[in-house]
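Heads up, the thing below is written out as structure tokens.
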Amino acid sequence: MQLLIEAIGFGIASGAVIALGAVGFSVQFGMSNVLNITYGSLMTLGAYIGLVLTDRGVNVWISLAIAGVVVGAVSVGFHRWLLAPLVRRGTRAFAIVIVTVSAGVVLQYVIVAFAGPDAKSYGEQSGQTFYLLGVVLTASQVAIIVLAAVLMLGLHLLLTRTTLGRAMRATASNRVLAQSCGIATDRISDIAWMLSGMLCGAAGVALAITTVSFDFTLGPIFLIPMIAAAVLGGIGQPYGAMLGGLVVGIASELAAAYTNPAYREVVAFGILVVMLLVRPNGLFGAAWATRRLMA
Amino acid sequence: MGGWEYYLIVLLVYLGTDLLAAWGLNLEFGVTGVANLAYIVTIAAGAYTYAICTLGPPAATGNFQQYVGGFYLPFPVAVLAGVLAGAVVGILIGLTGLKRLRQDYQAIAMLVVSLMAATVVMADTPFLNGNAGLGLIPAPFSDQDPEIQRWLYVGIVAVACVVGYLLLRRFTTGPIGRTLRAVRDDEYAAAAIGKDIVVLRLVVQAAGGALGGASGALLAAFIGGWSPGAWAYVETLALLTAVIVGGMGSDRGVSIGTFVIAILVLQGVQFLPQISFRIGLREDLGWIVLGTVTILFIWFRPQGILPERRPKYGGSS
Amino acid sequence: MGIHRLRLASPLALATAFVLAACGGSGASSTPPTQTGPLSLGVIAPFTGPAAEFGTLLTAPCLAATDLINANGGVSGHQVNCTSIDDTGDPADAVPNVTKAIATTSNFDFAIGLESNTAATTVPLVNGAKIPFFTTNGLVAFTKNTYPYYYRMTPGDDANGAAFAVWAVQQGYKSVAIVFQNNIGSEGNLPGLTSAMPRLGGSIALNLTIPADSASYSAEVERVIAAKPDVLIWSADPQTTATFMGNYKSLNNGVLPPMVTATDSLTPDFFNAVTKVVGIAYVTSKIWLVGSYFDQTTPAFSTYKAALLADSKTHDIAPVLSTVGPPAGAYDGINIMALAMIMAKTTVGSYYNSYILQVVSPKSGAVVVNNFADGAKALAAGKQIQYIGVLGKPTFDKYHNSAGEFDANKFNSDGSATQVGTISGSQVLQLLG
Chain A
1 MQLLIEAIGF GIASGAVIAL GAVGFSVQFG MSNVLNITYG SLMTLGAYIG
51 LVLTDRGVNV WISLAIAGVV VGAVSVGFHR WLLAPLVRRG TRAFAIVIVT
101 VSAGVVLQYV IVAFAGPDAK SYGEQSGQTF YLLGVVLTAS QVAIIVLAAV
151 LMLGLHLLLT RTTLGRAMRA TASNRVLAQS CGIATDRISD IAWMLSGMLC
201 GAAGVALAIT TVSFDFTLGP IFLIPMIAAA VLGGIGQPYG AMLGGLVVGI
251 ASELAAAYTN PAYREVVAFG ILVVMLLVRP NGLFGAAWAT RRLMA
Chain B
1 MGGWEYYLIV LLVYLGTDLL AAWGLNLEFG VTGVANLAYI VTIAAGAYTY
51 AICTLGPPAA TGNFQQYVGG FYLPFPVAVL AGVLAGAVVG ILIGLTGLKR
101 LRQDYQAIAM LVVSLMAATV VMADTPFLNG NAGLGLIPAP FSDQDPEIQR
151 WLYVGIVAVA CVVGYLLLRR FTTGPIGRTL RAVRDDEYAA AAIGKDIVVL
201 RLVVQAAGGA LGGASGALLA AFIGGWSPGA WAYVETLALL TAVIVGGMGS
251 DRGVSIGTFV IAILVLQGVQ FLPQISFRIG LREDLGWIVL GTVTILFIWF
301 RPQGILPERR PKYGGSS
Chain C
1 MGIHRLRLAS PLALATAFVL AACGGSGASS TPPTQTGPLS LGVIAPFTGP
51 AAEFGTLLTA PCLAATDLIN ANGGVSGHQV NCTSIDDTGD PADAVPNVTK
101 AIATTSNFDF AIGLESNTAA TTVPLVNGAK IPFFTTNGLV AFTKNTYPYY
151 YRMTPGDDAN GAAFAVWAVQ QGYKSVAIVF QNNIGSEGNL PGLTSAMPRL
201 GGSIALNLTI PADSASYSAE VERVIAAKPD VLIWSADPQT TATFMGNYKS
251 LNNGVLPPMV TATDSLTPDF FNAVTKVVGI AYVTSKIWLV GSYFDQTTPA
301 FSTYKAALLA DSKTHDIAPV LSTVGPPAGA YDGINIMALA MIMAKTTVGS
351 YYNSYILQVV SPKSGAVVVN NFADGAKALA AGKQIQYIGV LGKPTFDKYH
401 NSAGEFDANK FNSDGSATQV GTISGSQVLQ LLG
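Residue numbers (our numbering), protein chains in the order written: chain A, 1 to 295; chain B, 1 to 317; chain C, 1 to 433.
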């Protein structure tokens with residue numbers, strides 16, 4: 001029983017990080033219907049920006065915020081100047097995915113060319129350890145869970161209570177119709193990519209904190225669980241992505257505890273493959289799977 | 001044997017096996033439209049199967065590596081076993097792709113399948129020696145003079161390429177080729193005129209997988225070793241770039257693309273001067289160039305160097 | 001194709017090497033051939049990929065040795081250059097890289113490196129090209145080596161594993177938890193360790209293999225904690241170690257078990273990664289690094305260390321590196337090969353290879369030398385020499401392996417290490433038999 005509760009605890013902690021990344025991914029996918037594989041390397045970029053800052057003594061949470069802003073800006077540029085033009089030209093969905101995979105590889109190896117392949121770390125971040133109801137969590141894990149929850153809530157409020165949010169949802173659901181209502185869809189698109197890019201950068205830093213020691217392959221490794229969570233919860237549904245993150249995290253930790261720990265990732269992989277093949281709309285999603293690409 | 005001669009042999013063998021792989025991928029993706037990013041698993045299946053067929057039981061070399069099998073089979077049988085393994089894996093992968101999915105979803109699902117396969121192999125050490133991979137894999141003609149043996153091997157690879165190319169043409173030209181392209185371009189129309197999509201797809205997956213299995217088996221025999229690093233997911237990207245750069249769907253185009261990517265780019269960066277403070281920079285540069293080339297081609301020339309020739313039909317157009 | 005963009009020392013040297021390599025195997029002719037121009041010493045190691053650190057670590061002894069050789073007029077007048085050859089840790093990439101290097105490197109007459117991940121594929125290539133080499137791999141497969149150009153002065157992994165057991169028991173630990181990464185270098189230690197432990201009266205509470213570079217090892221850590229070991233016998237790369245120990249600290253109230261690992265972990269990457277995560281107190285007091293022993297008070301060692309400090313490229317890692325066995329073995333190997341070249345009056349591998357064992361064999365009336373300069377001078381004066389280097393007196397068996405004694409080290413606060421105890425080589429061998 002102890003093992004079960006502990007595994008669930010670890011699962012919640014890792015699930016929070018996965019949820020953070022999954023939500024950003026989900027927003028990007030929902031907005032432009034592009035499976036952005038570069039997201040993984042962009043998280044790595046966030047992690048390394050955070051490293052540069054924390055090594056200079058900047059507080060880790062401020063570094064997280066700065067990394068988020070930088071990656072947000074890079075994401076906007078990436079979408080505007082590479083992805084959007086390709087989509088407008090009618091490039092097929094598969095070719096777009098290949099472009100994002102390639103861009104991810106390029107970014108990854110540029111990072112390693114500058115930073116080197118050796119293991120990096122932010123240092124001792126764990127802080128105090130809390131024991132709640134048999135669940136073991138460190139202070140920074142708790143902080144990340146709180147951060148993830150706050151950001152999800154913020155995103156939800158943005159999407160449902162503000163004009164901007166309504167404009168974003170309209171653009172995501174039917175771009176042409178939104179344009180005819182006078183919504184500046186290009187700008188809305190940029191804002192959506194900025195916000196999701198910020199989540200991406202924040203997720204990268206959160207990942208770096210959680211994994212204690214990392215290298216340039218950090219982002220791509222975590223991308224799959226995040227896509228699994230995003231697909232599980234339904235593309236474009238932030239709450240779904242959060243729930244998906246928890247499910248993926250807990251399932252992975254349970255697998256690690258009860259079978260070979262090396263199969264931790266296989267669980268996330270399996271969830272994604274099954275979801276894509278059986279129910280690509282996710283548990284809560286609308287029929288995103290058959291929509292056309294939108295720039 | 002001179003150093004240059006041996007290097008040439010290495011390049012020829014690598015080119016030959018890469019061609020087989022690229023043709024298989026082109027058959028599945030370029031001609032039939034299956035976004036098979038798990039193609040590399042068929043190559044790995046061929047390589048590992050060859051290895052466990054030709055190696056003896058693990059105890060024979062003091063158990064320094066663990067694996068299933070170990071049958072001391074001769075070279076031709078083992079290669080055929082590798083080819084078969086590739087075909088079977090190809091069909092299995094094909095079964096997952098039968099459901100009609102968006103191509104990019106299918107691509108991601110395939111990519112994840114290949115990652116899963118790699119993780120399982122690495123985690124389960126008694127199966128195929130896990131992360132360390134298999135080594136001391138026997139090559140044919142090892143009792144001959146090394147110089148003769150190596151050129152003989154180049155010959156074997158060349159023969160395999162000829163056979164593979166003939167197989168490929170069988171699928172990509174003529175009535176089967178037209179049917180496949182019809183399925184790729186508009187599946188519903190093809191089904192409407194009575195083509196059995198499912199069977200055709202699976203046959204193509206088997207053929208593509210067979211080519212991949214052959215590629216893996218021949219390469220493993222030459223190198224003498226095979227490890228998970230050889231089929232990491234970036235290797236799929238290299239193959240895919242070759243197909244895209246060369247011209248999807250075009251056999252000759254893909255051949256040119258393979259030469260450009262596998263030999264000129266990935267081997268070419270080895271000839272750049274070394275930077276002393278960052279030795280590995282040349283390899284990193286190779287991947288950066290690869291990724292950039294892919295993006296540039298999709299941007300500027302998505303049809304590739306030598307595009308597929310669209311058949312012209314007589315009449316008004 | 002890019003072939004034409006080569007940097008060759010001189011086309012003549014390449015042509016000569018090509019011709020010589022081509023007809024080198026056709027039996028010894030009476031006059032040994034002469035090469036012109038500088039010699040290339042290949043450092044065949046990973047410079048990219050997960051084990052990329054080893055490339056840099058093996059380049060250091062090359063630089064130290066060649067600095068001294070070149071300052072002393074080179075080998076029979078030839079200067080020596082270190083050439084990096086990336087074996088990437090993956091056999092499929094190692095083969096073209098090494099073949100290309102053999103083809104294009106002028107006067108490629110000796111080599112060091114060839115570590116465990118790719119040794120099975122690269123050793124035959126280098127041996128087939130008749131290039132003598134001193135390797136640092138520990139693969140058990142080479143314990144009964146038959147390649148004539150192969151020499152090894154580092155112990156096999158099985159011997160290393162047994163040495164771990166001896167040290168743990170010597171320190172009074174009874175129950176051990178074995179946690180190894182699932183790579184070939186680490187797993188090679190296992191058989192020696194698992195057979196030695198019970199024979200020494202100890203017990204194995206847990207034997208776990210972990211994947212590399214995982215995001216979290218919480219499940220594995222819980223299993224180790226539950227096994228309540230006295231000591232952790234460990235082998236994994238820096239990143240894996242840092243994450244694992246970080247998780248352990250969080251999950252076990254900040255208490256970490258003592259650790260016995262190999263001197264392979266005596267590297268800046270390991271020290272920095274682990275210290276950053278668990279703090280310097282643990283790293284300097286509770287980690288033992290077991291590996292090849294050598295006396296650090298000998299003149300041979302002082303020369304070696306001074307050379308490392310003098311070269312600006314190796315100055316910073318000199319304090320750490322000078323205390324690790326395999327690079328020291330590579331340094332000795334280079335000196336031995338260079339002296340063999342002088343003895344043979346030729347720099348071509350297929351000719352001087354038979355002199356290598358003569359350089360270190362005890363002979364009456366031989367001058368004992370412990371560095372290249374003294375050896376070269378003695379040979380020039382017509383004397384016989386016996387080289388005893390940093391690793392002490394080599395004792396090559398008929399498989400060209402020279403194992404030795406073992407020792408245990410602890411980290412200092414600057415990342416270098418100090419020896420804290422010795423482990424008898426014969427006891428280790430006995431445990432393996």
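Note that CB positions come from ideal geometry on N, CA and C, so glycine has one too. Note that the structure is predicted; figures quoted are calculated from it, not measured.
Going by the beta-carbon positions, is the gap between residue i and residue j smaller than 7 Å?
i, j, result
"residue 167/A", "residue 144/A", "no"
"residue 439/C", "residue 325/C", "The requested residue 439/C is not part of the displayed model; chain C covers only 1 to 433."
"residue 55/C", "residue 61/C", "no"
"residue 44/C", "residue 102/C", "no"
"residue 105/C", "residue 6/B", "no"
"residue 134/C", "residue 330/C", "yes"
"residue 64/A", "residue 205/A", "yes"
"residue 329/A", "residue 42/A", "With chain A represented from 1 up to 295, any question about residue 329/A goes unanswered, as that position is not in the structure."
"residue 303/A", "residue 249/A", "The displayed coordinates of chain A run from 1 to 295. Any statement about residue 303/A would go beyond what the structure contains."
"residue 403/C", "residue 323/C", "no"
"residue 372/C", "residue 68/C", "yes"
"residue 219/C", "residue 261/A", "yes"
"residue 97/A", "residue 45/A", "no"
Check for me: the beta strand (DSSP E) holding residue i runs from which residue to which?
i, result
"residue 410/C", "406-411"
"residue 133/C", "133-135"
"residue 42/C", "39-45"
"residue 109/C", "108-113"
"residue 150/C", "150-152"
"residue 130/A", "129-132"
"residue 290/C", "287-292"
How is residue i classed by DSSP in three states: helix, strand or coil?
i, result
"residue 142/B", "coil"
"residue 249/A", "helix"
"residue 79/A", "helix"
"residue 259/C", "strand"
"residue 50/B", "helix"
"residue 16/A", "helix"
"residue 26/B", "helix"
Which value, in whole angstroms, describes the spacing of the CA atoms of residue i and residue j?
i, j, result
"residue 24/C", "residue 350/C", "The pLDDT assigned to residue 24/C is 39, lower than 50, so where the model puts this residue is not dependable; a value taken from the coordinates is nonetheless given after this. Using only the alpha carbons, I get a separation of about 7 Å."
"residue 172/B", "residue 109/A", "36 Å"
"residue 188/C", "residue 256/C", "25 Å"
"residue 293/B", "residue 285/B", "12 Å"
"residue 196/C", "residue 185/C", "18 Å"
"residue 312/C", "residue 208/A", "33 Å"
"residue 21/C", "residue 124/B", "Bear in mind that a pLDDT of 39 at residue 21/C, under 50, signals an unreliable position, so the number given afterwards is only what the model happens to contain. Going from the Cα of residue 21/C to the Cα of residue 124/B covers about 43 Å."
"residue 136/C", "residue 401/C", "11 Å"
"residue 126/B", "residue 55/B", "15 Å"
"residue 393/C", "residue 304/C", "16 Å"
Which stretch, first to last residue, makes up the alpha helix (DSSP H) that contains residue i?
i, result
"residue 196/A", "185-211"
"residue 62/C", "53-71"
"residue 192/C", "190-199"
According to a CB-to-CB cut-off of less than 8 Å, which residues of the segment 238-262 of chain A neighbour chain B? 260 and 262
So if I threshold CB-CB distances at 8 Å, which residues from the segment 205-239 of chain A count as touching chain C? 207, 210, 211, 212, 213, 214, 215, 217, 221 and 222
Going along the segment 138-158 of chain B in order, which residues come within less than 8 Å of chain C, judged by CB to CB distance? 146
Chain B contacts from the segment 183-208 of chain C (Cβ-Cβ distance under 9 Å): 183, 184, 185, 187, 188 and 191
Would you list, in chain order, the members of the segment 39-65 of chain C that have their beta-carbon closer than 9 Å to a beta-carbon of chain B? 46, 47, 48, 49, 50, 52, 55, 56 and 59
Note down, in chain order, all residues in the segment 99-111 of chain C with a beta-carbon under 9 Å from any beta-carbon belonging to chain B. 99, 100, 101, 102, 103, 104, 105 and 108
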